[in-house]
Structures are given as structure tokens and as C-alpha cells.
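A.B. asks: Starting off with a structure, shown below.
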Amino acid sequence: AIRAGCIPVLFDRVRMMAFEAKVNYSRFIIYQEERATQGDMVDMLSELAAVPHQEKVERRKYMLEISKYFNYDTSTPENAFALSIGQLASRANILLEYREHYGKKEYHEVLKRSSIF
């Protein structure tokens, strides 16, 4: 949806999103409360239709900027796969630092010497 220029509408604010360190989801996602009845759905569609044109333009502009993070073409330097690997490496480094300072130093030394990182 992002790469196609469709503004996402989500009903659940409590979720982890991919690449949160790089992507400000509030700049393009529209959050709605869950709707129970068909009448409520009609109201929601009216609310979405009433979003000002300039706001839609700004949301789509930002989506275009961040669309590279949702591209799995590995021939480009910034793509979803490379970003995912980068985030995993970053988390692993944080874990290694934690272990170095707070225990299991022998395990840390083994990981440091390995070719994993």
C-alpha cells in the first residue's frame, strides 16, 4: 500500500512497526477507532473522505520519501532487507555491550571473535 501511494488506515495503535527508528508512521498513517456497525463504517468513510486534500498530499509525499525502506530490490543500497539486517546487527551490538558490562564476559569474548558480527 505504501509503495502504491495508498494512505494506510489502522484501527490498532498498539503494535510494533517495521523500521520505527527510520520511519515516522504518524506522518502518513491515519488511525481510526474500531467500528462496530455498518452505520459506524459509513461514518468512518465520511471522516476519511473529509481529510483535507493538502494533508493527503503531505502524507503521500512522506510515503514516497520512505518507500525505499519497503523495497526488497537488493540492487539498491537502501532496501528493506539491508535495513532489517542493519537493525538486527544493531540489536546484537546492544546485547553484546550489555553482556560486556553486566555479565557473561566469557560468552561476549567468544561472540566478538566469531565471524557473526
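Under our numbering, residues 2 to 118 are what the sequence shown spells out, in order. Idealized CB from N, CA, C, for every residue including glycine.
#1: Determine, using beta carbons only, whether R60 and I3 come nearer to each other than 8 angstroms.
#2: Given a cut-off of 8 angstroms on the beta-carbon distance, is the pair M18 and Q33 in contact?
#3: In or out: V52 buried (at least 16 other Cβ within 10 Å) or exposed?
#4: To the nearest angstrom, report how far apart S68 and L97 are at their CA atoms.
#5: Quick one, which of Y63, I95, G40 has its alpha-carbon nearest S27's?
#6: Which word fits F82, buried or exposed, when buried means at least 16 other C-beta atoms lie within 10 angstroms of its C-beta?
#7: Hey, would you say V10 sits closer than 8 angstroms to Y70, going by beta carbons?
#8: By the 10 Å Cβ neighbour count, where 16 or more other Cβ atoms means buried, how is L89 classified, buried or exposed?
#9: Between the C-alpha atoms of T77 and F29, what's the straight-line distance to the nearest angstrom?
C.D. replies: Let's see:
#1: For R60 and I3, no; Cβs fall outside 8 angstroms.
#2: In this structure, Q33 does not lie closer than 8 angstroms to M18 by Cβ.
#3: Residue burial annotation: V52 is exposed, with fewer than 16 other C-beta atoms found within 10 angstroms of its C-beta.
#4: S68 and L97: Cα-Cα distance of roughly 31 angstroms.
#5: Per the Cα distances, Y63.
#6: Residue environment for F82: exposed (fewer than 16 other C-beta atoms within 10 angstroms of its C-beta).
#7: No. Outside cutoff.
#8: Label assigned to L89: exposed.
#9: One Cα belongs to T77, the other to F29, and the distance between them is close to 24 angstroms.
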